[in-house]
Structures are given as structure tokens and as C-alpha cells.
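Asks:
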């Protein structure tokens, strides 16, 4: 079940916790055969999956970056825009780079379709959209990997 971010005195500090929770729930529901990880993957990675709220090289890329602006003529309204950075991956035991790249982008296509059906993430935000950031492909003795960094850009009122 999706829940709102913690509220103190009738006001939530940020929509980030609720948005991340909603994304984890959405991806888990829409991608039952993929490993969905909340935050950094500290477990053995399965063949296919998505890490939500995680970015490689976190010394230069925030896991979640937020910008807040106050709006309204005397109204106490703050609009926040934030990116929830994610990683999608696919691996195989062979050398077929195209197959793992296509499978990784198939995961992201499912994410994009799910977002188009619920841009509000169950009420956690006002709008959420997918943005692809980077593709990394590699081969080693264990096979072939494709990793796609993407973000979900969210807008919310707090």
C-alpha cells in the first residue's frame, strides 16, 4: 500500500520518501521477474533488475536531488522538484551485447508505461516523468552486462 510521507503538524517536509516508496511498489508490481532494490544494491544481483534511489559514483551524482521554491501570493505553498536516480541492469553468461542492451531498455519501457498510467505515483507527487541518463555496456569472463542510469523527475507540493 502506498502511503504519504511523514507529516508533522499537518505538513510534510518533503515528498521524497513517499515518491521512493511508490516507485519501489510500482516497479515491484510491474516487473515481477526483475529484482527491485530500494537504495544501493547490497545483495547479490540477479540477472535483471532496477535499483531505486541509487546512482553509480555517488560522489558526483546525488541519489535524490531536490530543488524547492516558494510560490503564491502570500500563500504558504512550496513546490519541490526532485530526481530519483535509478539503475536498470541486465546480464547474461554469453557475449551478446545487443540482447542485454535490448532487455535493459525493455525494463525501462515497462517503467515508462507504468509511469504514464500513474503520473502522480498514487498521490505522492503531482507529476513524475522518466529521463534516461546513461548507458554502460561491458563484457568480462562472467558474460555481458548492460546498465542504464535513469531518473524519475518528480514535482510535488509540500
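In the numbering used here, the protein residues as written are 659 to 816. Beta carbons are placed, not taken as given, at the ideal position from N, Cα and C, and that holds for glycine.
(1) Residue 737: which of 673, 749, 709 sits nearest, CA to CA?
(2) If you count every other CB in all the chains shown that lies within 10 Å of the CB of residue 796, and 16 or more means buried, which is it?
(3) My output table needs one value for residue 799: the three-state DSSP class, helix, strand or coil.
(4) Could you tell me if residue 742 is buried or exposed, where buried requires 16 or more neighbouring beta carbons within 10 angstroms of its beta carbon?
(5) Tell me which same chain residues have a C-beta within less than 6 angstroms of the C-beta of residue 746, skipping the five on either side of it?
(6) How would you call residue 681, buried or exposed, if buried means at least 16 neighbouring beta carbons within 10 angstroms?
(7) Could you spell out where the beta strand (DSSP E) holding residue 749 opens and where it closes?
(8) Report the option in 735, 768, 751 whose CA atom is closest to the CA atom of residue 685.
(9) Please go through the same chain and pick out, in chain order, the residues whose beta-carbon is closer than 8 angstroms to the beta-carbon of residue 712, but skip the five residues on each side of it.
(10) Terminal residues of the continuous beta strand (DSSP E) containing residue 696?
(11) Please list, in chain order, all residues of the same chain as residue 716 whose beta carbon is under 6 angstroms from its beta carbon, the five residues on each side excluded.
(12) Let me make sure I understand the geometry here. Which of 702, 798, 809, 781 has the alpha-carbon closest to that of residue 787?
(13) One question on the structure: do residue 754 and residue 802 come within less than 8 angstroms of each other, judged by their Cβ atoms?
(14) Look at the alpha carbon of residue 777 and the alpha carbon of residue 703, and state the distance between them as a whole number of angstroms.
(15) Helix, strand or coil: which one does DSSP assign to residue 711?
(16) Smallest Cα separation from residue 692: which of 678, 757, 749, 780?
(17) Count the other C-beta atoms from every protein chain shown that fall within 10 angstroms of the C-beta of residue 718, then say buried if there are 16 or more, exposed otherwise.
Replies: The structure says:
(1) 673
(2) exposed
(3) coil
(4) buried
(5) 708, 762, 765, 766, 806
(6) buried
(7) 735 to 750
(8) 768
(9) 695, 697, 698, 699, 721, 743, 744, 745
(10) 693 to 696
(11) In this prediction, residue 716 scores a pLDDT of 48, lower than 50, which makes its location untrustworthy; no coordinate-derived value is stated.
(12) 809
(13) yes
(14) 29 angstroms
(15) coil
(16) 749
(17) Confidence at residue 718 is low in this model, with a pLDDT of 45, below 50, so the placement of that residue should be treated as unreliable; the coordinate-derived value is given next. Residue 718 should be labelled exposed.
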